[in-house]
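**Q**
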Amino acid sequence: MNPIPDAPAAAPDVSALREEILALKAARDAVILAHNYQPGPIQDLADYVGDSLAMARWAQRSPARVLVVAGVHFMAETAAILCPDKRVLIPDPEAGCSLAESITAEQVAAWKAEHPDAVVVSYVNTSAAVKALSDYCCTSSNAVAVVEAIDPEREILFLPDFYLGSHVARVTGRKNLHVWWGECHVHAAIDPETMAAKVAQHPGAELLVHPECGCTTRALALPPEGVPMQVLSTDGMIAESRRSPRTTFIVATEVGLLHRLRKENPDKTFVPAQDEAVCPFMNLITLEKIRDSLREDRYAVEVPAAIRERALIPLERMVAIGR
Ligand code: 13P
Ligand code: SF4
Numbered sequence: 048m049n050p051i052p053d054a055p056a057a058a059p060d061v062s063a064l065r066e067e068i069l070a071l072k073a074a075r076d077a078v079i080l081a082h083n084y085q086p087g088p089i090q091d092l093a094d095y096v097g098d099s100l101a102m103a104r105w106a107q108r109s110p111a112r113v114l115v116v117a118g119v120h121f122m123a124e125t126a127a128i129l130c131p132d133k134r135v136l137i138p139d140p141e142a143g144c145s146l147a148e149s150i151t152a153e154q155v156a157a158w159k160a161e162h163p164d165a166v167v168v169s170y171v172n173t174s175a176a177v178k179a180l181s182d183y184c185c186t187s188s189n190a191v192a193v194v195e196a197i198d199p200e201r202e203i204l205f206l207p208d209f210y211l212g213s214h215v216a217r218v219t220g221r222k223n224l225h226v227w228w229g230e231c232h233v234h235a236a237i238d239p240e241t242m243a244a245k246v247a248q249h250p251g252a253e254l255l256v257h258p259e260c261g262c263t264t265r266a267l268a269l270p271p272e273g274v275p276m277q278v279l280s281t282d283g284m285i286a287e288s289r290r291s292p293r294t295t296f297i298v299a300t301e302v303g304l305l306h307r308l309r310k311e312n313p314d315k316t317f318v319p320a321q322d323e324a325v326c327p328f329m330n331l332i333t334l335e336k337i338r339d340s341l342r343e344d345r346y347a348v349e350v351p352a353a354i355r356e357r358a359l360i361p362l363e364r365m366v367a368i369g370r
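In terms of this note's numbering, the sequence shown opens at residue 48 and continues consecutively.
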């Protein structure tokens, strides 16, 4: 597993870097796709900011020759699988994901051997080799829709996120869904006691909870009478913040999302459920590394043809299903 990186160093002159990046982007026919957890200055510069599903769909639709993925490695790999004619760059190849590391292709093969008739549904937070052994991929945006699209009589192996899998089993009522025991160390560390304290401090607030949270299961029993709670992907939280008449929200996910929530809803208040919910991998991406990536044409993300062809099948199903 990749070691969890240290916090990044202090930010440099943002406006000079922005100009440099915009010029390089135009010269190289490149676009920048950023995940909702990216630091604010990167979100503000990106051509597109969204959740994992939206990033994958947008990569497919973009006419640009080069895609710079400001996110983590599996997001860049997903773009490389879906867009074989584009050059996909990640500004820091060490930007991994603790959840994606929680299952290997060998473990998937062994699990499949125990359940030979099962359908394998992999969260997009997995390696290309794991996707190549899967029937469907999903994200937190469409996991329920993907599972509902599968014959109810078929057994499902859902991997690797235990909390998302448990959430999907609960929502769909499906009893023949087996869940892998993997987790994201950032979301698993958001605990219900800290959330309960935030709820007490902000009466009338709505709770927005990402299904990767370790607290999801217990959090469902948490809200006192009248406190609305939604379990949503990061883009789902953005949509809910616009739609809801509430003015204060407690947000249980990586704190990078608060930049976009606050930017798009300047009159509303967003409070992190846990201030320390920071993804160290997401924060490896910096404006300087994006500049260097465009200038030096690095680090290219390429997937061997045999794995790519097989992984494309579940990924195409993923982008076709759900919102
Ligand atoms: P979303 O699909 O909701 O963007 O989540 C991706 C992720 O890595 C969550 O930690
Ligand atoms: Fe992976 Fe967790 Fe970071 Fe998301 S927040 S990229 S699941 S380590």
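From the three backbone atoms N, C-alpha and C, an ideal C-beta is built for every residue, glycine too. Quantities reported herein were computed from a predicted structural model and do not represent experimental measurements.
From which residue to which residue does the beta strand (DSSP E) around Gly97 run?
**A** Tyr95 to Gly97 is the extent of the beta strand (DSSP E) around Gly97.
**Q** What do you reckon, are the CB atoms on Val348 and Ile79 nearer than 8 Å?
**A** In this structure, Ile79 does not lie closer than 8 Å to Val348 by Cβ.
**Q** Quick one: Cα of Thr173 to Cα of Arg355, how far?
**A** C-alpha separation (whole angstroms): 14 Å.
**Q** Residues bridged to Ile297 by DSSP?
**A** DSSP, once it has assigned bridges, lists Leu254 and Val318 as partnering Ile297.
**Q** Whole-angstrom Cβ separation of Lys133 and Val113, contact assumed at under 8 Å?
**A** That pair is a contact at about 7 Å.
**Q** Any heavy atom of ligand 1 within a distance shorter than 7 Å of the CB on Asn330?
**A** Checking every heavy atom of ligand 1 against the Cβ of Asn330, none is found closer than 7 Å.
**Q** What separation, rounded to the nearest whole angstrom, lies between the Cα atoms of Val350 and Glu148?
**A** Each residue's alpha carbon lies about 17 Å from the other.
**Q** So, do the region 180 to 197 and the region 229 to 245 have three or more beta carbon pairs nearer to each other than 8 Å?
**A** Judged by Cβ distances under 8 Å, the region 180 to 197 makes no contact with the region 229 to 245, as fewer than three pairs qualify.
**Q** Which residues mark the beginning and the end of the beta strand (DSSP E) in which Ala111 is found?
**A** Per DSSP, Ala111 belongs to no beta strand (DSSP E) and is neither H nor E.
**Q** According to DSSP, which residues form a beta bridge with Val135?
**A** According to DSSP, which records beta bridges pairwise, Val135 is partnered with Leu114.
**Q** Between the beta-carbon of Leu146 and the beta-carbon of Leu362, is there less than 8 Å?
**A** No. Outside cutoff.
**Q** So which of Leu211, Thr151, Arg108 and Arg217 has the shortest CA-CA distance to Ala235?
**A** Nearest of Leu211, Thr151, Arg108 and Arg217 to Ala235, Cα basis: Leu211.
**Q** Which word fits Gly261, buried or exposed, when buried means at least 16 other C-beta atoms lie within 10 angstroms of its C-beta?
**A** Buried: at least 16 other Cβ atoms inside 10 Å.
**Q** In chain order, what are the residue ranges of uninterrupted beta strand (DSSP E) at least 3 long that sit wholly in the region 168 to 228?
**A** DSSP runs (the beta strand (DSSP E)) wholly in the region 168 to 228: 183 to 185, 203 to 206 and 224 to 226.
**Q** Contact between the region 334 to 343 and the region 310 to 322 is defined here as three or more beta-carbon pairs at a separation below 8 Å; is this criterion met?
**A** The answer is no - the region 310 to 322 does not touch the region 334 to 343, with fewer than three Cβ pairs under 8 Å.
**Q** Look at His162 and Gly118 and say whether their C-beta atoms are less than 8 Å apart.
**A** Taking 8 Å as the Cβ cut-off, His162 and Gly118 do not qualify as a contacting pair.
**Q** Work out the CA separation of Thr333 and Ile237 for me, nearest whole Å.
**A** When rounded, the distance between both Cα atoms is 25 Å.
**Q** Let me check understanding here. Comparing Cα to Cα, which of Arg108, Ala286 and Ala106 lies closest to Asn312?
**A** Of the listed residues, the one whose Cα sits closest to Asn312 is Ala286.
**Q** Excluding the five sequence neighbours on either side, which residues of its own chain have a C-beta within less than 8 Å of the C-beta of Glu195, listed in chain order?
**A** Contacts found: Thr219.
**Q** Give me the Cβ distance between Gly283 and Ser169, rounded to the nearest whole Å; I'm assuming they're in contact under 8 Å.
**A** The pair is not a contact, with the Cβ atoms about 20 Å apart (cut-off 8 Å).
**Q** For Asn83, is the beta carbon positioned less than 7 Å from some heavy atom of ligand 1?
**A** It does: the Cβ of Asn83 is within 7 Å (strictly closer) of some heavy atom of ligand 1.
**Q** Among residues of its own chain, excluding the 5 on either side of Val176, which ones have a beta-carbon nearer than 7 Å to its beta-carbon?
**A** Sequence inspection shows Ala at residue 176; the Val mentioned does not correspond to that position. Around Ala176: Ala152 and Ile354.
**Q** How big is the Cα-Cα spacing for Leu305 and Phe296?
**A** Distance between the alpha carbons of Leu305 and Phe296: 10 Å.
**Q** Am I right that Tyr329 and Gln85 are in contact with their C-beta atoms under 8 Å? What's the rounded C-beta distance?
**A** Correcting the residue identity first, residue 329 is Met in this sequence and not Tyr. Rounded, the Cβ-Cβ distance is 6 Å, consistent with contact.
**Q** Which of helix, strand or coil does DSSP assign to Ala142?
**A** The answer is coil: DSSP assigns Ala142 none of H, G, I, E or B.
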